[in-house]
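For what it's worth, the numbering used here labels the leading residue of the sequence shown as 746, then goes sequentially. Positions of the beta carbon are idealized from the N, C-alpha and C atoms, including for glycine.
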Amino acid sequence: MKAKPAPKAGFTPATLTFLRDLVLNNNREWFHANRPRYDAAKTELCNVVEQVLTGLGPYEPLANTSVKDCVFRINRDIRFSKDKKPYKSNLAFAIGPGGRHSGRIDYYVHIQPDNQSFIGAGMWQPTPANLAKFRQEVDYNVDELKAIIEDDTFRNYFPEAHGEQLKSMPKGYPVDHPEIELLRRKELFFMHRFTDKEVLGANFADEIIRGCRIIKPYCDWLNYLFFEEKEEPVTLV
Numbered sequence: 746m747k748a749k750p751a752p753k754a755g756f757t758p759a760t761l762t763f764l765r766d767l768v769l770n771n772n773r774e775w776f777h778a779n780r781p782r783y784d785a786a787k788t789e790l791c792n793v794v795e796q797v798l799t800g801l802g803p804y805e806p807l808a809n810t811s812v813k814d815c816v817f818r819i820n821r822d823i824r825f826s827k828d829k830k831p832y833k834s835n836l837a838f839a840i841g842p843g844g845r846h847s848g849r850i851d852y853y854v855h856i857q858p859d860n861q862s863f864i865g866a867g868m869w870q871p872t873p874a875n876l877a878k879f880r881q882e883v884d885y886n887v888d889e890l891k892a893i894i895e896d897d898t899f900r901n902y903f904p905e906a907h908g909e910q911l912k913s914m915p916k917g918y919p920v921d922h923p924e925i926e927l928l929r930r931k932e933l934f935f936m937h938r939f940t941d942k943e944v945l946g947a948n949f950a951d952e953i954i955r956g957c958r959i960i961k962p963y964c965d966w967l968n969y970l971f972f973e974e975k976e977e978p979v980t981l982v
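Rendered as structure tokens:
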């Protein structure tokens with residue numbers, strides 16, 4: 746007799762309720778009194794991360810990446826912040842080789858109630874050197890990037906680009922450059938938002954995997970551009 750597949754684990758309403766309550770009671774005394782609720786929420790998060798790692802395994806080099814490598818701590822770093830609230834109001838994880846500290850462009854998943862959850866990826870707070878590489882590639886060979894981010898499937902799932910941009914053109918580029926909008930970008934990050942209903946759905950991990958696969962070509966393009974040495978820039982013939 747063929748064994749039934751294990752049921753898919755996901756988030757329950759209790760996790761979103763805990764996060765809402767945490768916003769109203771963001772102090773150590775309340776958190777420690779409600780530690781079992783946080784532990785239950787973190788267990789659900791880890792179960793979802795495990796499913797995502799398994800689902801992305803055939804497409805990403807994640808063999809040595811564990812769940813704990815991917816999950817962000819809920820504690821905030823308040824050393825240099827005026828906001829002294831000790832805890833984040835969300836749960837989050839990042840999927841990349843080795844987890845959240847891969848150092849490469851990875852997939853970020855943010856869980857926050859009231860329809861504020863999302864999956865995102867892309868160029869965010871790049872180093873000056875990487876930003877210069879991005880602009881040079883846009884100037885020399887923009888077709889590959891535009892084929893990715895203007896694809897219908899991509900645009901339907903990630904309809905809007907986020908991030909900081911210059912008000913004028915960066916130095917060294919003419920103001921009438923045909924790719925002025927991309928060249929002005931200091932960040933080019935795409936997000937897909939999830940409703941609370943979607944987060945609580947039985948197939949939420951599958952939806953995260955779907956989102957990762959849709960934005961993967963853009964992440965691969967950035968990772969190659971930023972971290973793989975090229976002998977010379979690619980130019981159009």
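- Assignment of beta-bridge partners to R930 by DSSP yields Q910.
- Rounded to whole angstroms, G917 and K891 show a C-alpha spacing of 22 Å.
- For T799 and R900, the gap between their C-alpha atoms comes out near 26 Å.
- Rounded to the nearest whole angstrom, the CA to CA distance from Y963 to E774 is 43 Å.
- Contact between F935 and A866 holds, since their C-beta atoms are separated by about 6 Å, short of 8 Å.
- Burial state of F972 is exposed, judged by a 10 Å Cβ sphere holding fewer than 16 other Cβ atoms.
- Where F838 is concerned, the enclosing beta strand (DSSP E) starts and stops at 836 to 840.
- Within the region 939 to 976, no complete beta strand (DSSP E) segment of 3 residues or longer occurs.
- Take A786, set aside five residues on each side of it, and the residues of its chain with a beta-carbon closer than 6 Å to its own are T760, F763, in chain order.
- Secondary structure within the region 848 to 892: the beta strand (DSSP E) runs of 3 or more consecutive residues, fully enclosed, are 852 to 856, 862 to 868 (chain order).
- Taking the Cα positions, R929 is about 23 Å away from H937.
- Looking only at G843, A837, A947, the smallest Cα-Cα distance to Q861 is reached by A837.
- Contact check for P831 against R821 passes: the beta carbons are separated by less than 9 Å.
- DSSP places N792 in the helix class (H, G or I) of the three-state scheme.
- Per DSSP, Y902 is one residue of the alpha helix (DSSP H) stretching across 897 to 902.
- Annotated three-state conformation of F935 is strand, per DSSP.
- In the same chain as L945, and ignoring 5 residues on each side of it, the C-beta atoms closer than 8 Å to its own belong to G755, F756, T757, P758, L761, in chain order.
- In summary, V920 is exposed, with fewer than 16 beta-carbon neighbours lying within 10 Å of its beta-carbon over all protein chains present.
- The beta carbons of P781 and T810 sit no closer together than 9 Å.
- In this structure, the CA atom of N792 is about 11 Å from the CA atom of F949.
- For P803, there is no enclosing alpha helix (DSSP H), since its DSSP letter is neither H nor E.
- Across the structure, D965 and A778 are spaced so that their CA atoms are roughly 44 Å apart.
- Annotation: the continuous alpha helix (DSSP H) that includes K813 extends over 812 to 815.
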